[in-house]
Amino acid sequence: MQTPRGIARIADLANFDAIIDVRSPAEFADDHIPGAINCPVLDNEQRAQVGTIYKQVSAFEARKLGAAMVAENIARHLYKHFQDKPKDWRPLLYCWRGGQRSGSFTTWMRMIGWDACQLEGGYKVFRRHVIDRIEALPPTLRFVVVCGATGSGKTRLLDALSEQGAQVLDLEGLAKHKGSVLGRLPGIDQPSQKAFETALCEQLSRFAPERPVFVEAESRKIGVIQVPEPLIERMRASECVAVEASRDARIDFLLGDYAYLGDDVEDLQQRIDCLRSFHSNATLDEWKQLAAAGNLPELFAAFIDQHYDPLYKRSQNKNYGRFADARPVVLNDLSPASLAAAAGELIKALT
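In our numbering, the protein residues as written are 1 to 351.
Written out as structure tokens, the structure is:
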């Protein structure tokens, strides 16, 4: 069926010179179509104000005030962002459901003379598209799951694989978290669940099905982010490689990779308290004393021996069905040269 004039669909996204999200800044921050710019026709406060009037007074009064605000904001955006655009410039605009907010802006742009279009169904339809793609894509891909105890350099191995041209899905990078209870990154907030899934969908869509996709073994949650069920189930049924590094090499690696934990003792102690469901109060108190003393080598050694390794041994065989047959990747050290060599051998063996 032919799309009505001035209306576009998800399949048409690549046909536009710009994608303009006219929702509020808060909606845009929560998630948006990749590459979109935010030109809100109602800001956060205005949207709340109009919504309150709609509920407490009447729809007419809300539309009357909203229309004045929308007109003023559209005029400001036209002055600020679009005066340099030529007549053949073609923008796509969207709001939550493809309704009045994007419709009003699209109408003004078409009156000016641009071939502006409104996304049918708005962000709501895009969100449905993301969910459907995350469900459909994992079964079409061959994942190779990189397993290994904490501190064995799995993420660095993924980096080395990527540098040598392999397909890599870095879930921790997308989630902005290192995965463990200590994995929150300093000064960096995790994305919303929706934004994570949008980025994940975009990444999955780029992979060639005929080539393996290397991905680190993960639990169902990375910090506050939930790994979508279709992906985690596919990963847990996939072939595995097992990274093996010495205890000393792992401690040295953790001391470098988590050095920032020593900068804020109170924060580190709060993170240790998050392990209360796994360990006794006496053990946690001992670890917090090591944190207070700045004794990270002994603290990380205790984490490895008493928390990470026992947890790893329990979880891998349980969660990853093909872990027993995993290809071993033995690393004498975790230097860039060793990781690069291991990556090269994996690519040669598995592609």
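Even glycine gets a Cβ: it sits at the ideal position worked out from N, Cα and C.
Original post:
Rounded to a whole number of angstroms, what is the C-alpha to C-alpha distance between Gly359 and Arg206?
Top reply: No statement about residue 359 is possible, as the shown extent of the chain runs from 1 to 351 and does not include it.
Original post:
What first and last residue would you give for the alpha helix (DSSP H) that runs through Tyr312?
Top reply: Here residue 312 is taken as the residue at index 312 of the sequence shown, counted from 1. Residues Asp309 to Asn319.
Original post:
Ile225 CB to nearest chain B CB: under 8 angstroms?
Top reply: Among the chains in the structure shown there is no chain B, since it carries only a single protein chain.
Original post:
What are the complete beta strand (DSSP E) segments, minimum 3 residues, inside the stretch 93-129?
Top reply: 117-119
Original post:
Are Val265 and Ala291 closer than 8 angstroms when you measure CB to CB?
Top reply: Indexing the sequence shown from 1 puts residue 265 at position 265. Indexing the sequence shown from 1 puts residue 291 at position 291. In contact: Val265 and Ala291 (Cβ atoms closer than 8 angstroms).
**OP:** Report the residue ranges of all alpha helix (DSSP H) runs contained in full by the stretch 138-185; include only those spanning at least 4 residues, in chain order.
**Re:** 154-163 and 171-175
Original post:
Counting Cβ pairs closer than 8 angstroms, one from the stretch 210-230 and one from the stretch 148-167, do we hit at least three?
Top reply: For the pair of segments examined, the stretch 210-230 was found to touch the stretch 148-167: the number of CB pairs separated by less than 8 angstroms reaches three.
Original post:
What's the C-alpha gap between Thr140 and Ala237?
Top reply: Along the sequence shown, one-based indexing puts residue 140 at 140. Along the sequence shown, one-based indexing puts residue 237 at 237. For Thr140 and Ala237, the distance between alpha carbons rounds to 13 angstroms.
Original post:
Helix, strand or coil: which one does DSSP assign to Leu254?
Top reply: Looking up residue 254 in the sequence shown gives position 254. Under the three-state reduction of DSSP output, Leu254 falls in the helix class.
**OP:** Count the CB pairs spanning the stretch 188-196 and the stretch 28-35 that are closer than 8 angstroms, and state whether there are at least three.
**Re:** yes
Original post:
In chain order, what residues of the same chain lie with their CB nearer than 7 angstroms to the CB of Ala245, ignoring the 5 residues before and after it?
Top reply: Within the sequence shown, the letter at position 245 stands for residue 245. Cβ within range, chain order: Ser152, Gly153, Leu331 and Leu334.
Subject >> Coil, strand or helix - Gln2 by DSSP >> reply: For the purposes of this step, residue 2 is taken as residue 2 along the sequence shown, with counting starting at 1. A caution first: Gln2 carries a pLDDT of 45, below 50, which makes its placement in the model unreliable, though a value can still be read off. Coil, per DSSP.
**OP:** Taking 8 angstroms as the threshold, find out whether the stretch 143-150 comes into contact with the stretch 118-133 through three or more Cβ pairs.
**Re:** no
Original post:
Taking contact to mean at least 3 C-beta pairs separated by less than 8 angstroms, is the stretch 252-272 in contact with the stretch 168-177?
Top reply: no
**OP:** Following the continuous alpha helix (DSSP H) through Glu197, name the residue where it begins and the one where it ends.
**Re:** The residue you call residue 197 lines up with position 197 of the sequence shown. For Glu197, the uninterrupted alpha helix (DSSP H) segment begins and ends at Gln193 to Arg206.
Original post:
For Ala242, which three-state DSSP category applies?
Top reply: Position 242 of the sequence shown, counting from 1, holds the residue named residue 242. Note: Ala242 maps to strand in three-state DSSP.
Original post:
For Gln83, which three-state DSSP category applies?
Top reply: Here residue 83 corresponds to residue number 83 of the sequence shown, with the count starting at 1. Gln83: coil per DSSP, three-state reduction.
Subject >> Leu185 versus Ile222 - alpha carbon distance >> reply: Here residue 185 refers to the residue found at position 185 when the sequence shown is read from its first residue. Here residue 222 refers to the residue found at position 222 when the sequence shown is read from its first residue. Answer to the nearest angstrom: the Cα atoms are 12 angstroms apart.
Subject >> Beta-carbon contacts of Gln164 that lie in its chain and below 8 angstroms, excluding the five residues immediately before and after >> reply: Taking the first residue of the sequence shown as 1, we reach residue 164 at position 164. Correct list, in chain order: Ala340, Ala343, Gly344 and Ile347.
Original post:
Exposed or buried, what is Thr351 when buried is set at 16 or more other beta-carbons lying within 10 Å of its beta-carbon?
Top reply: Taking the sequence shown and counting its residues from 1, one reaches residue 351 at position 351. Under this definition Thr351 is an exposed residue.
Original post:
Pick from Leu311, Asp115, Pro336 and Gly122: whose alpha carbon is nearest that of Gly6?
Top reply: Within the sequence shown, numbered from 1, the residue matching residue 6 stands at position 6. Taking only the C-alpha atoms, the option nearest Gly6 is Asp115.
**OP:** With DSSP collapsed to three states, give me the class of Phe16.
**Re:** Taking the sequence shown and counting its residues from 1, one reaches residue 16 at position 16. In the structure shown, Phe16 sits in coil (DSSP, three-state: anything other than H, G, I, E or B).
Original post:
Buried or exposed: which applies to Ile37, given that a residue is buried once 16 or more other Cβ atoms fall within 10 Å of its Cβ?
Top reply: As a first step, residue 37 is located in the sequence shown; it is residue number 37 there, counting from the start. Counting Cβ neighbours within 10 Å, Ile37 comes out exposed, since fewer than 16 surround it.
Subject >> First through last residue of the beta strand (DSSP E) which encompasses Ala216 >> reply: Sequence index remark: in the sequence shown, residue 216 carries index 216 (1-based). It is Glu, not Ala, that sits at residue 216 in the sequence shown. Looking at the DSSP string, the run of the beta strand (DSSP E) that includes Glu216 is Val213 to Glu216.
**OP:** Could you tell me how far apart the beta carbons of Arg23 and Arg101 are, in whole angstroms, since I believe they sit closer than 8 angstroms?
**Re:** In the sequence shown, residue 23 corresponds to position 23, counting from 1. In the sequence shown, residue 101 corresponds to position 101, counting from 1. About 7 angstroms; that satisfies the 8 angstroms criterion.
Subject >> Gly66 vs Arg97 beta-carbon contact at 8 angstroms >> reply: As a first step, residue 66 must be located in the sequence shown, where it is residue number 66. As a first step, residue 97 must be located in the sequence shown, where it is residue number 97. No, these two residues do not count as a Cβ contact at 8 angstroms.
Original post:
Roughly how many angstroms lie between the CA atoms of Asn317 and Phe253, to the nearest whole one?
Top reply: Within the sequence shown, residue 317 is the residue found at index 317, counting from 1. Within the sequence shown, residue 253 is the residue found at index 253, counting from 1. Their Cα atoms are separated by approximately 25 angstroms.
**OP:** Note down the Cα distance separating Pro297 from Ile251, rounded to an integer number of angstroms.
**Re:** Position 297 of the sequence shown, counted from the first residue, corresponds to residue 297. Position 251 of the sequence shown, counted from the first residue, corresponds to residue 251. When rounded, the distance between both Cα atoms is 7 angstroms.
**OP:** Can you check DSSP and say which residues form a bridge with Arg327?
**Re:** In the sequence shown, the residue the question calls residue 327 occupies position 327. According to DSSP, Arg327 bridges with Val241.
**OP:** Give the DSSP-derived three-state secondary structure of Asn295 in the structure shown.
**Re:** For the purposes of this step, residue 295 is identified with residue 295 of the sequence shown, where counting begins at 1. In the structure shown, Asn295 sits in coil (DSSP, three-state: anything other than H, G, I, E or B).
Subject >> Boundaries (first-last residue) of the alpha helix (DSSP H) holding Val265 >> reply: The residue labelled residue 265 in the question sits at position 265 within the sequence shown. Note, Val265: alpha helix (DSSP H), Val265 to Asp273.
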